[in-house]
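A.B. asks:
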Amino acid sequence: MNIKQLLSTMSLKEKIFQLEQFNSVLLKQLEGWDATGPMKDLKLTEEDLKLTGTVLNSMGAERMKDIQTEFLEKNEKKIPLAFMHDVIHGYRTIYPINLGLACSFDLDLICDCAEMAATEAVLDGVNVTFAPMVDLARDARWGRVMETSGEDPYLNSLIAKSTVEGFKKGGIATCVKHFAAYGGALAGKDYAEVDMSEHTLREYYLPAYKAAIDAGVDMVMPSFNVLNGIPATGNTWLLQDVLRGEWGFDGVVISDYGAVWELIIHGYAKDEKDAAHKALQAGVDVEMCSTMYAQNLEKLLQEGEITEEQIDNAVLRVLNLKEKMGLFENPYQLTDEKKAKEIILCDKHRNIARKAVEESAVLLKNDGVLPLPRTTKSVAVIGPHGDTGHVLGWWLCGGLAEETVTICDGLRSYDKGLNVRYAKGCEIGWNVTDESGIAEAVEFAKDSEAVVLCLGEKEEESGESNSKTNLDLPEVQYKLLEAVLSVNQNVVVLLFTGRPLAITRLHKLAPAILNVWWPGTECGNAVARLLFGDVVPSGKLTMTFPYSSGQCPIYYNHCLTGRPSPYGRFDITHATRYIDTPNEPLYPFGYGLSYTQFSYSQVELSTDEMSRGGKIKARVTVTNSGKYKAKEIVQLYIRDVIGSCVRPVKELKGFEKIELNVGESKQVVFTITEDMLAFYGAGMERVAESGKFYVFIGGNSETENYKEFQLI
Ligand code: BGC
């Protein structure tokens, strides 16, 4: 029977329940159901549950087979459940958080990581991942920056594409989220309203969702936030005009958790019926974890507020997805307990995860302490992150601390002769004040050749709903650092964080800072190789680190004011500035040091005029002038000098990751096309406007190495 025939046999109730997604615990009510929020007052009967369309967040091949088997026995039409889960930065083998992984600028590696996660998830019974999360992030106060790829629309789009491709290779269906502009939350507070011009939305925030859709994403999840006054979940312009109309998306739209119900809380729907009405009219097919549809669609239909065709279209999209995944033929899809045991966390996967940590780490400062000499005989590891597997990050999915290589274990297995001693020093957390562990740490630091001091955030300090206003480290971590430095100057700070931090004071004090984000399962092995120089850090920041928290939101691709600072015509008191903080960030977008040094030749252009449809080659020679073979991420930025809308000071338009031996030089050539110069101008049309452009090539977004050309 084809899908349309199946639909014609379904009762209205059967159809409506295809549009509901419940938590698997609810399906197995016997195991107990302790719900909060929108799920609290669910009055679902056994009869309802056996009609459910899809399931949220359950894991384990056996368990899912169990649920599916039991379900299909009861479900009259034998329409299988689809299991959906947040597989965000790994399944059981966890790789660095997305913000870290993006710093690798390595699209193949990103694809491999996604494929690995998908392979593990699918074997364990998951059909769909709620990923990629492609929200653009400019404000480090927002806790969910850890799930993003950072602040650049071009890079975010490429990463969105690679991630979807990787997931597809691994056989999982995908859901891009959170549509749209969730990362633009006012003051960096999660779920807060987003108010932005259509120009900003189209120019910066929308491209990555579009890239995911062009790469063949299966589902779209509207965001929790209000966008220019209308919640995304009830936003017809967003979900109909842009998504389905302009972009031609014909897959499933699923609400975020409880978001249909939240239309009432927002003050956008007057009651549950109105919420169901507004969400369906806007284009939400499936409702996650509330029952506005189950309780109200039939009534709305009887009252003529919606049509059966609307319901049918939504159901068809869900059934088509199930068919595309092969669930009707094999409801267990690729679920395979035996193979799962072999593949999940296998050496190949651990190696990918280790490489991902090595390529994501960003060297923020180095006075020469790093790399540690291979002759080092003793290291003091200080800070709780040094001796724990709890370094997986917010979406740890099936990742387990006990399967994670700690820093101490990594160092010990790197060099069996190395004397590694561990002291906690102080707890990590924004509100920690207890200094009682500092004395022991100092004792260990005194007697060791080098100190690896693990500072930063705790795991739950970033991620959903974890916004904060002070991005500096708590005082106790500085006290620990100062105490350790007073007895040993050979200190490397390993920074664990889910967001850019305002660590200007740390930058002044610490001899070396290596940012490893939340590294995941292979933490210790990768860190040991980075510290001793087997791998030279090459990651570059994809999100600006502010000089102080009050600078947020801060991002490299901003516009100039009429009174930039420094500026000749006005005195400093009338320029764009803070009276207490510089305008510049601590570390700009694209920044990251190496153990070696790279020098760049002057940018050269093949011509200084581009005609319509033409191309220009921009080239530079990069030389490894230091002492280590290493990788460099060469970055191309363009500035459109005059535009019908004021254009950003720089925009990333290309990059190439190269590896150079000591003394080696390489010419890097970028091809600039007319399309790379286009933007949404005053008429909201994407055009490249004639005039002057600057082409910058360098090692970070502050490069001043440029040449100009004219588009005629
Ligand atoms: C998050 C989504 C996630 C969903 C299901 C929500 O709270 O915003 O990103 O996919 O939960 O777990």
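The opening position of the sequence shown corresponds to residue 104 in the numbering used here, with each subsequent residue numbered one higher.
Each residue gets a CB set at the ideal place from its N, CA and C atoms; glycine is no exception.
Heavy atom of the ligand BGC less than 7 Å from the Cβ of residue 189, yes or no?
C.D. replies: Yes, Cβ of residue 189 sits closer than 7 Å to a heavy atom of the ligand BGC.
A.B. asks: For the segment 473-561, which segments carrying the beta strand (DSSP E) assignment without a break, of at least 3 residues, lie completely within its bounds, in sequence order?
C.D. replies: With a minimum length of 3 residues, the continuous beta strand (DSSP E) runs that stay inside the segment 473-561 are 481-485, 522-526, 553-559.
A.B. asks: What's the gap between the Cα of residue 655 and the Cα of residue 336?
C.D. replies: Cα-Cα distance, rounded: 27 Å.
A.B. asks: Go ahead and label residue 675 buried or exposed: buried means 16 or more other beta carbons lie within 10 angstroms of its beta carbon, across all protein chains shown.
C.D. replies: By the neighbour-count rule (16 or more Cβ atoms within 10 Å), residue 675 is not buried but exposed.
A.B. asks: Could you tell me the alpha carbon to alpha carbon distance between residue 805 and residue 798, rounded to whole angstroms?
C.D. replies: About 13 Å.
A.B. asks: Within the segment 263-337, note down every full beta strand (DSSP E) run reaching 3 residues or more, in order along the chain.
C.D. replies: Listed in chain order, the complete beta strand (DSSP E) runs (minimum 3 residues) inside the segment 263-337 are 276-282, 322-325.
A.B. asks: Name the residue from 163, 633, 729 whose alpha carbon lies nearest to the alpha carbon of residue 763.
C.D. replies: Checked all of 163, 633, 729; the closest Cα to residue 763 is 729.
A.B. asks: Helix, strand or coil for residue 789 per DSSP?
C.D. replies: Residue state, collapsed to three classes: strand.
A.B. asks: Figure out for me which residue from 651, 176, 624 has the closest Cα to the Cα of residue 503.
C.D. replies: Residue 503 has its Cα closest to that of 624, out of 651, 176, 624.
A.B. asks: May I ask whether a heavy atom of the ligand BGC can be found less than 7 Å away from the beta carbon of residue 567?
C.D. replies: It does: the Cβ of residue 567 is within 7 Å (strictly closer) of some heavy atom of the ligand BGC.
A.B. asks: Could you check how far apart the C-beta atoms of residue 288 and residue 297 are, in whole angstroms? I think they sit under 8 Å.
C.D. replies: The Cβ separation is near 6 Å, so the contact holds.
A.B. asks: Closer than 7 Å: is that where the CB of residue 201 sits relative to any heavy atom of the ligand BGC?
C.D. replies: Flag unset: Cβ of residue 201 not near the ligand BGC.
A.B. asks: Between the segment 518-531 and the segment 475-485, do at least 3 Cβ pairs fall closer than 8 Å?
C.D. replies: Yes, since at least three Cβ pairs between the segment 518-531 and the segment 475-485 fall closer than 8 Å, the two stretches touch.
A.B. asks: When every heavy atom of the ligand BGC is checked, does at least one fall within less than 7 Å of the C-beta of residue 466?
C.D. replies: Not under cutoff, so the answer is no.
A.B. asks: Kindly list the residues whose CB is nearer than 6 Å to the CB of residue 133, restricted to its own chain and excluding five residues on each side of it in sequence; keep chain order.
C.D. replies: Since pLDDT at residue 133 reaches only 38, below the 50 mark, its modelled position is unreliable, and the value read off the structure follows with that caveat. Same-chain partners within the cutoff: there are none.
A.B. asks: Which of helix, strand or coil does DSSP assign to residue 136?
C.D. replies: Summary for residue 136: the model assigns pLDDT 49, below 50, so the residue's position carries little reliability; its value from the coordinates is reported in the next sentence. Residue state, collapsed to three classes: coil.
A.B. asks: With distances taken from CA atoms, which of 598, 572, 200 is nearest residue 243?
C.D. replies: That would be 572, whose Cα lies nearest to the Cα of residue 243.
A.B. asks: With a threshold of 7 Å, establish whether the CB of residue 281 neighbours any heavy atom of the ligand BGC.
C.D. replies: Residue 281 Cβ: within cutoff of the ligand BGC.
A.B. asks: Determine the direct distance from the alpha carbon of residue 668 to that of residue 756, and round the result to whole angstroms.
C.D. replies: Those two C-alpha atoms are separated by around 26 Å.
A.B. asks: Among 739, 788, 600, 311, which residue has its Cα nearest to the Cα of residue 199?
C.D. replies: Taking only the C-alpha atoms, the option nearest residue 199 is 600.
A.B. asks: Classify residue 598: buried if its beta carbon has 16 or more other beta carbons within 10 angstroms, exposed otherwise.
C.D. replies: Buried, since its Cβ has 16 or more Cβ neighbours within 10 Å.
A.B. asks: Taking residue 331 as the reference, give the member of 283, 112, 230 with the closest Cα.
C.D. replies: Closest option to residue 331, Cα to Cα, is 283.
A.B. asks: Verify whether the separation of the beta carbon atoms of residue 234 and residue 278 is less than 8 Å.
C.D. replies: Contact flag set, yes.
A.B. asks: Check whether the Cβ atoms of residue 465 and residue 239 sit closer than 8 Å, and answer yes or no.
C.D. replies: Against a cut-off of 8 Å, the Cβ pair of residue 239 and residue 465 comes out as no contact.
A.B. asks: Less than 7 Å separating the Cβ of residue 809 from some heavy atom of the ligand ADP?
C.D. replies: The ligand ADP is not part of this structure, which contains only the ligand BGC.
A.B. asks: Measuring only the C-alpha atoms, how far is residue 263 from residue 587?
C.D. replies: Straight-line Cα distance between these residues: approximately 42 Å.
A.B. asks: What do you reckon, are the CB atoms on residue 499 and residue 274 nearer than 8 Å?
C.D. replies: Contact: no.
A.B. asks: For the putative contact between residue 302 and residue 748, defined by C-beta atoms under 8 Å, what is the C-beta separation to the nearest angstrom?
C.D. replies: That belief holds up - the Cβ atoms of residue 302 and residue 748 are roughly 6 Å apart, short of 8 Å.
A.B. asks: Using a Cβ distance threshold of 8 Å, determine whether the segment 149-159 contacts the segment 108-122, with at least three qualifying pairs required.
C.D. replies: Judged by Cβ distances under 8 Å, the segment 149-159 makes contact with the segment 108-122, as three or more pairs qualify.
A.B. asks: Between residue 165 and residue 195, is the Cβ-Cβ spacing less than 8 Å?
C.D. replies: The answer is no: Cβ separation not under 8 Å.
A.B. asks: Name the residue from 812, 350, 292, 163 whose alpha carbon lies nearest to the alpha carbon of residue 318.
C.D. replies: Here the closest residue by C-alpha is 350.
A.B. asks: Based on the DSSP output, what are the partners of residue 658 in its beta bridges?
C.D. replies: DSSP output for residue 658 lists no bridge partner at all.
A.B. asks: Residue 707: which of 723, 716, 693, 208 sits nearest, CA to CA?
C.D. replies: Considering only alpha carbons, the answer is 723.
A.B. asks: Beta-carbon within less than 6 Å of residue 639's beta-carbon, same chain only, minus the 5 sequence neighbours each way: which residues are those?
C.D. replies: Only 697, 698, 731, 733 meet the Cβ criterion.
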